[in-house]
(Lines of atoms letter the chains of each structure in order from A and count residues from 1; the text may use other names and numbers.)
(Lines give C-alpha, C1' and ligand atoms only; values in the text may rest on other atoms or scores of the structure.)
Protein backbone atom coordinates (compact mmCIF):
# COMPACT_ATOMS: atom_id res chain seq x y z
CA UNK A 1 0.00 0.00 0.00
CA UNK A 2 1.12 3.59 -0.80
CA UNK A 3 3.84 2.11 -2.99
CA UNK A 4 4.33 3.79 -6.35
CA UNK A 5 3.97 1.80 -9.58
CA UNK A 6 4.89 2.46 -13.19
CA UNK A 7 3.35 0.60 -16.14
CA UNK A 8 4.99 0.14 -19.53
CA UNK A 9 2.80 -1.41 -22.24
CA UNK A 10 4.07 -3.06 -25.42
CA UNK A 11 2.05 -4.41 -28.32
CA UNK A 12 -1.63 -4.39 -29.19
CA UNK A 13 -4.77 -2.51 -28.15
CA UNK A 14 -5.81 -5.52 -26.07
CA UNK A 15 -2.68 -5.07 -23.97
CA UNK A 16 -3.44 -1.36 -23.67
CA UNK A 17 -6.92 -2.06 -22.28
CA UNK A 18 -5.55 -4.66 -19.87
CA UNK A 19 -2.92 -2.21 -18.62
CA UNK A 20 -5.69 0.27 -17.83
CA UNK A 21 -7.53 -2.47 -15.91
CA UNK A 22 -4.31 -3.24 -13.99
CA UNK A 23 -3.91 0.46 -13.18
CA UNK A 24 -7.48 0.78 -11.88
CA UNK A 25 -7.22 -2.33 -9.72
CA UNK A 26 -3.97 -1.13 -8.12
CA UNK A 27 -5.30 2.39 -7.53
CA UNK A 28 -8.30 0.85 -5.81
CA UNK A 29 -5.91 -1.05 -3.53
CA UNK A 30 -4.14 2.14 -2.49
CA UNK A 31 -1.10 1.99 -4.76
CA UNK A 32 0.01 5.24 -6.41
CA UNK A 33 0.66 5.55 -10.14
CA UNK A 34 3.70 7.49 -11.31
CA UNK A 35 4.79 8.43 -14.82
CA UNK A 36 8.44 8.49 -13.75
CA UNK A 37 9.82 4.95 -13.68
CA UNK A 38 12.73 5.98 -11.45
CA UNK A 39 10.28 7.17 -8.78
CA UNK A 40 8.47 3.84 -8.78
CA UNK A 41 8.74 1.07 -6.21
CA UNK A 42 7.16 -1.35 -8.69
CA UNK A 43 7.86 -1.55 -12.44
CA UNK A 44 5.16 -3.40 -14.40
CA UNK A 45 5.94 -4.46 -17.97
CA UNK A 46 2.96 -5.69 -20.00
CA UNK A 47 4.81 -7.45 -22.80
CA UNK A 48 4.24 -8.57 -26.38
CA UNK A 49 5.71 -11.58 -28.19
CA UNK A 50 4.44 -11.16 -31.75
CA UNK A 51 8.03 -10.89 -33.07
CA UNK A 52 11.50 -11.65 -31.76
CA UNK A 53 12.03 -7.88 -31.62
CA UNK A 54 9.14 -7.65 -29.15
CA UNK A 55 10.82 -10.22 -26.89
CA UNK A 56 14.17 -8.47 -27.10
CA UNK A 57 12.59 -5.11 -26.36
CA UNK A 58 10.95 -6.45 -23.20
CA UNK A 59 14.14 -8.10 -21.97
CA UNK A 60 16.11 -4.92 -22.67
CA UNK A 61 13.64 -2.78 -20.70
CA UNK A 62 13.90 -5.15 -17.72
CA UNK A 63 17.69 -5.06 -17.88
CA UNK A 64 17.65 -1.27 -18.16
CA UNK A 65 15.38 -0.61 -15.18
CA UNK A 66 17.26 -3.16 -13.07
CA UNK A 67 20.47 -1.29 -13.84
CA UNK A 68 19.01 2.18 -13.22
CA UNK A 69 17.23 1.20 -10.00
CA UNK A 70 18.52 -2.11 -8.58
CA UNK A 71 16.09 -2.24 -5.64
CA UNK A 72 12.93 -1.81 -7.73
CA UNK A 73 10.45 -4.70 -7.84
CA UNK A 74 9.75 -5.86 -11.41
CA UNK A 75 6.55 -7.54 -12.58
CA UNK A 76 6.54 -9.03 -16.06
CA UNK A 77 3.17 -9.89 -17.54
CA UNK A 78 1.66 -10.23 -21.01
CA UNK A 79 2.58 -12.57 -23.83
CA UNK A 80 6.30 -12.99 -23.12
CA UNK A 81 5.43 -13.84 -19.51
CA UNK A 82 3.13 -16.56 -20.84
CA UNK A 83 5.52 -18.10 -23.40
CA UNK A 84 9.03 -17.22 -22.19
CA UNK A 85 11.41 -19.18 -19.98
CA UNK A 86 11.05 -17.79 -16.42
CA UNK A 87 14.66 -18.73 -15.64
CA UNK A 88 15.82 -16.28 -18.33
CA UNK A 89 13.67 -13.39 -17.11
CA UNK A 90 15.03 -11.17 -14.34
CA UNK A 91 11.68 -10.26 -12.78
CA UNK A 92 10.39 -10.61 -9.22
CA UNK A 93 6.89 -11.63 -10.24
CA UNK A 94 5.78 -13.18 -13.54
CA UNK A 95 2.07 -13.20 -14.34
CA UNK A 96 0.46 -14.91 -17.33
CA UNK A 97 -2.16 -13.28 -19.52
CA UNK A 98 -5.07 -14.58 -17.47
CA UNK A 99 -3.48 -13.95 -14.09
CA UNK A 100 -2.56 -10.33 -14.83
CA UNK A 101 -6.21 -9.30 -14.70
CA UNK A 102 -6.16 -10.28 -11.00
CA UNK A 103 -2.83 -8.59 -10.29
CA UNK A 104 -4.16 -7.07 -7.06
CA UNK A 105 -4.25 -10.58 -5.55
CA UNK A 106 -0.76 -11.60 -6.64
CA UNK A 107 1.03 -8.38 -5.79
CA UNK A 108 0.31 -8.44 -2.05
CA UNK A 109 3.41 -10.43 -1.09
CA UNK A 110 5.71 -8.94 -3.73
CA UNK A 111 8.05 -7.35 -1.18
CA UNK A 112 8.20 -10.41 1.05
CA UNK A 113 8.93 -13.24 -1.39
CA UNK A 114 11.61 -14.21 -3.83
CA UNK A 115 10.84 -14.62 -7.50
CA UNK A 116 7.42 -16.16 -8.10
CA UNK A 117 5.70 -17.26 -11.29
CA UNK A 118 1.96 -17.55 -11.91
CA UNK A 119 1.34 -18.47 -15.52
CA UNK A 120 -0.89 -21.52 -15.86
CA UNK A 121 -1.27 -23.35 -19.17
CA UNK A 122 -3.37 -20.84 -21.10
CA UNK A 123 -5.16 -23.63 -22.98
CA UNK A 124 -6.71 -24.68 -19.68
CA UNK A 125 -8.50 -21.34 -19.54
CA UNK A 126 -11.96 -22.00 -20.95
CA UNK A 127 -13.93 -18.96 -19.78
CA UNK A 128 -13.53 -15.28 -20.63
CA UNK A 129 -12.09 -13.36 -17.67
CA UNK A 130 -14.32 -10.28 -17.59
CA UNK A 131 -13.09 -7.11 -15.93
CA UNK A 132 -14.74 -3.73 -16.37
CA UNK A 133 -12.82 -0.56 -17.12
CA UNK A 134 -14.50 2.31 -15.31
CA UNK A 135 -12.43 5.32 -16.35
CA UNK A 136 -10.84 4.91 -19.77
CA UNK A 137 -8.09 7.43 -20.49
CA UNK A 138 -8.75 7.50 -24.23
CA UNK A 139 -11.28 9.80 -25.89
CA UNK A 140 -12.21 6.88 -28.16
CA UNK A 141 -11.79 3.84 -25.85
CA UNK A 142 -11.37 0.28 -27.04
CA UNK A 143 -13.77 -2.35 -25.76
CA UNK A 144 -12.32 -5.84 -25.49
CA UNK A 145 -14.92 -8.37 -26.62
CA UNK A 146 -12.89 -11.59 -26.77
CA UNK A 147 -9.49 -13.15 -26.14
CA UNK A 148 -7.48 -15.93 -27.77
CA UNK A 149 -7.51 -17.43 -31.26
CA UNK A 150 -8.53 -20.80 -32.70
CA UNK A 151 -6.44 -20.41 -35.85
CA UNK A 152 -2.97 -21.88 -36.10
CA UNK A 153 -1.15 -19.75 -38.65
CA UNK A 154 2.23 -21.31 -39.27
CA UNK A 155 4.22 -18.23 -38.20
CA UNK A 156 2.25 -17.18 -35.14
CA UNK A 157 3.00 -17.70 -31.46
CA UNK A 158 0.03 -15.71 -30.16
CA UNK A 159 -2.39 -18.65 -29.61
CA UNK A 160 0.22 -20.13 -27.25
CA UNK A 161 0.29 -16.83 -25.38
CA UNK A 162 -3.45 -16.17 -25.42
CA UNK A 163 -5.07 -19.60 -25.71
CA UNK A 164 -8.18 -20.57 -27.65
CA UNK A 165 -10.89 -18.05 -28.44
CA UNK A 166 -13.03 -17.01 -25.48
CA UNK A 167 -15.85 -14.49 -25.90
CA UNK A 168 -17.24 -12.01 -23.45
CA UNK A 169 -21.04 -12.14 -23.31
CA UNK A 170 -23.30 -9.45 -24.73
CA UNK A 171 -24.53 -8.33 -21.30
CA UNK A 172 -20.99 -7.55 -20.08
CA UNK A 173 -20.02 -5.84 -23.33
CA UNK A 174 -23.08 -3.60 -23.30
CA UNK A 175 -22.46 -2.76 -19.65
CA UNK A 176 -18.89 -1.75 -20.52
CA UNK A 177 -20.10 0.41 -23.40
CA UNK A 178 -22.70 2.07 -21.15
CA UNK A 179 -19.94 2.86 -18.62
CA UNK A 180 -18.10 4.69 -21.39
CA UNK A 181 -21.28 6.49 -22.44
CA UNK A 182 -21.81 7.57 -18.82
CA UNK A 183 -18.32 9.11 -18.98
CA UNK A 184 -19.36 11.01 -22.12
CA UNK A 185 -17.43 8.85 -24.58
CA UNK A 186 -18.83 9.12 -28.07
CA UNK A 187 -16.92 6.45 -29.98
CA UNK A 188 -15.69 2.96 -29.11
CA UNK A 189 -13.46 0.46 -30.91
CA UNK A 190 -14.30 -3.23 -30.59
CA UNK A 191 -11.08 -5.15 -30.13
CA UNK A 192 -9.64 -8.49 -29.09
CA UNK A 193 -7.13 -11.05 -30.34
CA UNK A 194 -9.47 -12.35 -33.06
CA UNK A 195 -12.80 -10.53 -32.97
CA UNK A 196 -14.12 -12.41 -35.99
CA UNK A 197 -14.37 -15.47 -33.73
CA UNK A 198 -16.55 -13.66 -31.21
CA UNK A 199 -19.57 -15.68 -30.15
CA UNK A 200 -18.71 -19.08 -31.59
CA UNK A 201 -19.19 -20.66 -28.15
CA UNK A 202 -22.73 -19.26 -28.06
CA UNK A 203 -23.56 -20.14 -31.69
CA UNK A 204 -23.60 -16.42 -32.42
CA UNK A 205 -21.57 -14.05 -34.57
CA UNK A 206 -20.62 -10.38 -34.69
CA UNK A 207 -23.98 -9.34 -36.11
CA UNK A 208 -25.73 -10.57 -32.95
CA UNK A 209 -23.46 -8.34 -30.89
CA UNK A 210 -23.64 -5.35 -33.21
CA UNK A 211 -27.45 -5.38 -33.16
CA UNK A 212 -27.31 -4.82 -29.41
CA UNK A 213 -24.63 -2.12 -29.69
CA UNK A 214 -26.84 -0.29 -32.19
CA UNK A 215 -29.46 0.04 -29.44
CA UNK A 216 -27.11 1.93 -27.11
CA UNK A 217 -26.54 5.69 -27.10
CA UNK A 218 -22.99 5.43 -28.42
CA UNK A 219 -22.55 7.80 -31.35
CA UNK A 220 -20.37 5.50 -33.43
CA UNK A 221 -18.18 2.40 -33.28
CA UNK A 222 -15.29 0.79 -35.16
CA UNK A 223 -14.20 -2.79 -35.57
CA UNK A 224 -10.69 -3.98 -34.84
CA UNK A 225 -8.71 -6.26 -37.13
CA UNK A 226 -10.76 -8.73 -39.20
CA UNK A 227 -9.86 -11.77 -41.28
CA UNK A 228 -10.95 -11.36 -44.88
CA UNK A 229 -12.88 -14.64 -44.97
CA UNK A 230 -14.95 -13.61 -41.95
CA UNK A 231 -16.42 -10.58 -43.71
CA UNK A 232 -19.41 -12.15 -45.44
CA UNK A 233 -22.27 -10.56 -47.35
CA UNK A 234 -24.54 -10.56 -44.31
CA UNK A 235 -22.02 -8.60 -42.25
CA UNK A 236 -21.38 -6.13 -45.08
CA UNK A 237 -25.11 -5.56 -45.56
CA UNK A 238 -25.59 -4.97 -41.84
CA UNK A 239 -22.68 -2.52 -41.63
CA UNK A 240 -23.77 -0.75 -44.81
CA UNK A 241 -27.19 -0.04 -43.27
CA UNK A 242 -25.79 1.04 -39.90
CA UNK A 243 -25.83 4.70 -38.87
CA UNK A 244 -23.25 4.11 -36.12
CA UNK A 245 -20.58 2.02 -37.89
CA UNK A 246 -17.46 3.86 -39.03
CA UNK A 247 -16.38 2.65 -42.52
CA UNK A 248 -12.91 1.75 -41.32
CA UNK A 249 -11.58 -1.74 -41.98
CA UNK A 250 -8.27 -3.20 -40.86
CA UNK A 251 -7.71 -6.49 -42.66
CA UNK A 252 -5.36 -9.20 -41.46
CA UNK A 253 -4.16 -10.15 -44.97
CA UNK A 254 -0.45 -11.01 -44.36
CA UNK A 255 0.10 -11.82 -48.06
CA UNK A 256 -1.67 -11.71 -51.41
CA UNK A 257 0.17 -14.61 -53.03
CA UNK A 258 -1.60 -17.97 -53.04
CA UNK A 259 1.54 -20.02 -52.39
CA UNK A 260 2.53 -17.91 -49.41
CA UNK A 261 -1.01 -17.84 -48.02
CA UNK A 262 -1.08 -21.64 -48.16
CA UNK A 263 2.32 -21.86 -46.45
CA UNK A 264 1.04 -19.48 -43.78
CA UNK A 265 -1.98 -21.72 -43.17
CA UNK A 266 -4.39 -18.95 -44.14
CA UNK A 267 -7.70 -20.13 -45.55
CA UNK A 268 -8.35 -17.81 -48.49
CA UNK A 269 -6.83 -17.02 -51.87
CA UNK A 270 -5.59 -13.84 -53.49
CA UNK A 271 -8.70 -13.66 -55.67
CA UNK A 272 -11.05 -14.11 -52.70
CA UNK A 273 -9.29 -11.33 -50.84
CA UNK A 274 -9.40 -8.93 -53.80
CA UNK A 275 -13.05 -9.71 -54.49
CA UNK A 276 -13.94 -8.98 -50.86
CA UNK A 277 -12.01 -5.71 -50.86
CA UNK A 278 -13.84 -4.67 -54.02
CA UNK A 279 -17.14 -5.40 -52.26
CA UNK A 280 -16.10 -3.20 -49.36
CA UNK A 281 -15.29 -0.37 -51.76
CA UNK A 282 -18.70 -0.82 -53.36
CA UNK A 283 -20.64 -0.81 -50.09
CA UNK A 284 -19.24 2.36 -48.53
CA UNK A 285 -18.38 5.91 -49.49
CA UNK A 286 -14.57 6.10 -49.50
CA UNK A 287 -13.95 3.53 -46.76
CA UNK A 288 -10.60 3.40 -45.04
CA UNK A 289 -9.04 -0.01 -45.72
CA UNK A 290 -5.83 -0.79 -43.87
CA UNK A 291 -4.06 -4.14 -43.87
CA UNK A 292 -1.17 -6.10 -42.38
CA UNK A 293 1.43 -7.65 -44.69
CA UNK A 294 4.39 -9.85 -43.69
CA UNK A 295 7.39 -9.55 -46.00
CA UNK A 296 10.02 -12.23 -46.55
CA UNK A 297 8.02 -15.23 -45.41
CA UNK A 298 9.94 -18.50 -46.04
CA UNK A 299 10.08 -19.37 -49.74
CA UNK A 300 8.63 -16.00 -50.79
CA UNK A 301 10.37 -15.38 -54.12
CA UNK A 302 10.87 -12.06 -55.83
CA UNK A 303 7.94 -12.88 -58.12
CA UNK A 304 5.76 -13.82 -55.14
CA UNK A 305 6.46 -10.48 -53.53
CA UNK A 306 5.73 -8.70 -56.80
CA UNK A 307 2.29 -10.34 -56.93
CA UNK A 308 1.50 -9.16 -53.42
CA UNK A 309 2.78 -5.66 -54.18
CA UNK A 310 0.78 -5.30 -57.40
CA UNK A 311 -2.32 -6.77 -55.75
CA UNK A 312 -2.21 -4.16 -52.99
CA UNK A 313 -2.05 -1.40 -55.58
CA UNK A 314 -4.93 -3.02 -57.49
CA UNK A 315 -6.97 -3.27 -54.29
CA UNK A 316 -6.54 0.47 -53.63
CA UNK A 317 -6.04 -0.06 -49.91
CA UNK A 318 -5.64 3.09 -47.81
CA UNK A 319 -2.70 1.98 -45.72
CA UNK A 320 -0.27 -0.96 -45.45
CA UNK A 321 1.25 -1.99 -42.14
CA UNK A 322 4.20 -4.01 -43.42
CA UNK A 323 6.78 -5.77 -41.30
CA UNK A 324 9.46 -8.43 -41.94
CA UNK A 325 8.78 -12.06 -41.06
CA UNK A 326 10.22 -12.97 -37.68
CA UNK A 327 11.16 -16.53 -36.78
CA UNK A 328 9.25 -17.71 -33.72
CA UNK A 329 10.59 -20.87 -32.13
CA UNK A 330 8.32 -23.92 -32.11
CA UNK A 331 6.15 -22.66 -34.96
CA UNK A 332 5.96 -24.62 -38.27
CA UNK A 333 7.32 -21.68 -40.26
CA UNK A 334 10.53 -21.67 -38.22
CA UNK A 335 11.40 -25.09 -39.65
CA UNK A 336 10.50 -24.27 -43.26
CA UNK A 337 13.14 -24.33 -45.97
CA UNK A 338 14.26 -21.31 -48.00
CA UNK A 339 14.33 -18.77 -45.16
CA UNK A 340 14.76 -15.27 -46.56
CA UNK A 341 17.82 -13.15 -45.74
CA UNK A 342 17.21 -10.28 -43.34
CA UNK A 343 18.31 -7.54 -45.72
CA UNK A 344 15.85 -8.79 -48.35
CA UNK A 345 13.01 -8.73 -45.82
CA UNK A 346 13.89 -5.16 -44.91
CA UNK A 347 14.10 -4.08 -48.55
CA UNK A 348 10.66 -5.52 -49.25
CA UNK A 349 9.23 -3.86 -46.15
CA UNK A 350 10.69 -0.54 -47.28
CA UNK A 351 9.09 -0.95 -50.71
CA UNK A 352 5.68 -1.54 -49.16
CA UNK A 353 6.08 1.49 -46.89
CA UNK A 354 6.72 3.65 -49.96
CA UNK A 355 3.69 2.17 -51.72
CA UNK A 356 1.59 2.68 -48.60
CA UNK A 357 2.52 6.37 -48.55
CA UNK A 358 1.35 6.76 -52.15
CA UNK A 359 -1.87 4.82 -51.59
CA UNK A 360 -2.63 6.84 -48.47
CA UNK A 361 -2.08 10.11 -50.33
CA UNK A 362 -4.45 8.93 -53.07
CA UNK A 363 -7.04 8.08 -50.43
CA UNK A 364 -6.73 11.51 -48.83
CA UNK A 365 -6.92 13.27 -52.21
CA UNK A 366 -10.22 11.51 -52.95
CA UNK A 367 -11.57 12.77 -49.63
CA UNK A 368 -10.83 16.43 -50.29
CA UNK A 369 -13.99 18.52 -50.58
CA UNK A 370 -16.05 15.87 -48.79
CA UNK A 371 -17.94 16.52 -45.55
CA UNK A 372 -17.01 14.40 -42.53
CA UNK A 373 -17.89 14.22 -38.86
CA UNK A 374 -14.84 14.69 -36.64
CA UNK A 375 -14.35 13.63 -33.03
CA UNK A 376 -11.50 15.60 -31.46
CA UNK A 377 -8.98 14.00 -29.13
CA UNK A 378 -6.23 15.47 -26.97
CA UNK A 379 -4.26 18.47 -28.08
CA UNK A 380 -1.10 17.51 -29.94
CA UNK A 381 1.93 19.31 -28.51
CA UNK A 382 3.85 18.70 -31.72
CA UNK A 383 1.18 20.28 -33.90
CA UNK A 384 -0.10 22.73 -31.25
CA UNK A 385 -3.56 21.69 -32.42
CA UNK A 386 -6.31 19.24 -31.55
CA UNK A 387 -6.24 15.98 -33.45
CA UNK A 388 -9.56 14.84 -34.83
CA UNK A 389 -10.62 11.61 -36.48
CA UNK A 390 -13.29 11.24 -39.15
CA UNK A 391 -15.62 8.27 -39.59
CA UNK A 392 -13.31 6.88 -42.26
CA UNK A 393 -10.20 7.41 -40.14
CA UNK A 394 -8.82 10.60 -41.63
CA UNK A 395 -6.78 12.48 -39.05
CA UNK A 396 -7.11 16.24 -39.10
CA UNK A 397 -5.66 18.94 -36.88
CA UNK A 398 -7.41 22.11 -35.78
CA UNK A 399 -5.98 24.98 -33.78
CA UNK A 400 -8.32 26.40 -31.20
CA UNK A 401 -8.17 28.45 -28.00
CA UNK A 402 -11.25 26.54 -26.85
CA UNK A 403 -10.86 23.01 -25.49
CA UNK A 404 -12.06 20.75 -28.32
CA UNK A 405 -11.32 17.38 -26.73
CA UNK A 406 -14.28 14.99 -26.97
CA UNK A 407 -16.30 17.42 -29.07
CA UNK A 408 -17.93 16.57 -32.40
CA UNK A 409 -17.92 18.75 -35.48
CA UNK A 410 -19.06 18.28 -39.08
CA UNK A 411 -16.53 19.85 -41.41
CA UNK A 412 -15.62 20.15 -45.05
CA UNK A 413 -12.15 18.68 -45.31
CA UNK A 414 -11.14 21.33 -47.83
CA UNK A 415 -11.16 23.83 -44.96
CA UNK A 416 -7.98 22.22 -43.63
CA UNK A 417 -4.63 23.22 -45.03
CA UNK A 418 -3.22 19.71 -44.68
CA UNK A 419 -4.53 16.19 -44.25
CA UNK A 420 -2.53 13.64 -42.27
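Numbering (this note's numbering), first residue to last: 709 to 1128.
Note that CB positions come from ideal geometry on N, CA and C, so glycine has one too.
As the structure is a prediction and not an experimental result, all values here were calculated from the model.
About 5 Å separates the beta carbon of residue 869 from that of residue 791, a gap short enough to meet the 8 Å contact definition. Annotation: residue 1049 to residue 711 spans about 47 Å, alpha carbon to alpha carbon. With 16 or more other Cβ atoms from the protein chains shown falling within 10 Å of its own Cβ, residue 1006 counts as buried. Closest in alpha carbon position to residue 935, among 981, 955 and 913, is 981. Residue 839 sits close to residue 809, with the two beta carbons spaced by under 7 Å. When DSSP states are grouped into helix, strand and coil, residue 1000 belongs to the strand group.
Your pair residue 770 and residue 749 does not check out as a contact, with CB atoms roughly 16 Å apart and the cut at 8 Å.
The DSSP-derived three-state label of residue 994 is coil. Contact check between the segment 940-954 and the segment 859-874: fewer than three CB pairs, one atom from each, fall below 8 Å, which does not count as touching. No Cβ-Cβ contact shorter than 7 Å links residue 956 with residue 929.
For the options 845, 899, 826 and 890, the alpha carbon positioned closest to that of residue 853 is the one of 899.
Scanning the segment 945-988 for uninterrupted alpha helix (DSSP H) segments of 4 residues or longer gives 966-971, listed from N- to C-terminal end. In the assembly as shown, residue 739 is a buried residue. Its beta-carbon has 16 or more other beta-carbons within 10 Å. Residue burial annotation: residue 881 is buried, with at least 16 other C-beta atoms found within 10 angstroms of its C-beta. Secondary structure within the segment 858-891: not one fully enclosed beta strand (DSSP E) run of 3 or more consecutive residues is present. In the DSSP annotation of this structure, the continuous segment of the alpha helix (DSSP H) that includes residue 1013 starts and ends at 1010-1023.
At a Cβ-Cβ threshold of 7 Å, residue 901 and residue 857 count as neighbours. Positions of the alpha helix (DSSP H) runs, each at least 4 residues long and wholly inside the segment 1045-1088, are given as 1050-1075 in order along the chain. Under the 8 Å Cβ criterion, the segment 1072-1083 does not count as touching the segment 1033-1050, having fewer than three qualifying pairs. The beta-carbon separation of residue 799 and residue 811, rounded to 13 Å, does not stay under the 8 Å limit for a contact. Closest in alpha carbon position to residue 1054, among 1066, 1030 and 1040, is 1030. In the assembly as shown, residue 1061 is an exposed residue. Its beta-carbon has fewer than 16 other beta-carbons within 10 Å. If the five residues before and after residue 933 are omitted, its C-beta is found closer than 6 Å to the C-beta atoms of 958 and 960, all from its own chain and listed in chain order.
Of all alpha-carbon atoms in 1119, 1093, 1117 and 1118, the one lying nearest the alpha-carbon of residue 1109 is that of 1093.
If you check the CB distance, residue 742 and residue 727 do not come in under 7 Å.
Per DSSP, residue 754 is one residue of the beta strand (DSSP E) stretching across 750-755. With a contact defined as Cβ atoms closer than 8 Å, residue 1033 and residue 1002 qualify at about 5 Å. For residue 928, the enclosing beta strand (DSSP E) starts and ends at 928-931. Looking at 987, 1036, 897 and 1067, the one whose alpha-carbon comes closest to that of residue 1017 is 1067. For residue 761, the enclosing alpha helix (DSSP H) stretches over residues 760-776. Take residue 1023, set aside five residues on each side of it, and the residues of its chain with a beta-carbon closer than 7 Å to its own are 982 and 985, in chain order. Contact between residue 734 and residue 713 holds: their C-beta atoms lie close to 6 Å from each other, under 8 Å.
Spatial neighbours of residue 732 in its own chain (CB-CB distance under 8 Å, excluding positions within 5 residues in sequence) are listed in chain order as 841, 842 and 843. Close CB contacts of residue 1015 within its chain, under the 8 Å cut and outside five residues either way in sequence, are with 964, 965 and 978 (chain order). In the same chain as residue 866, and ignoring 5 residues on each side of it, the C-beta atoms closer than 8 Å to its own belong to 757, 758, 787, 857 and 901, in chain order.
For residue 741, the pairing in a beta bridge is given by DSSP as 713.
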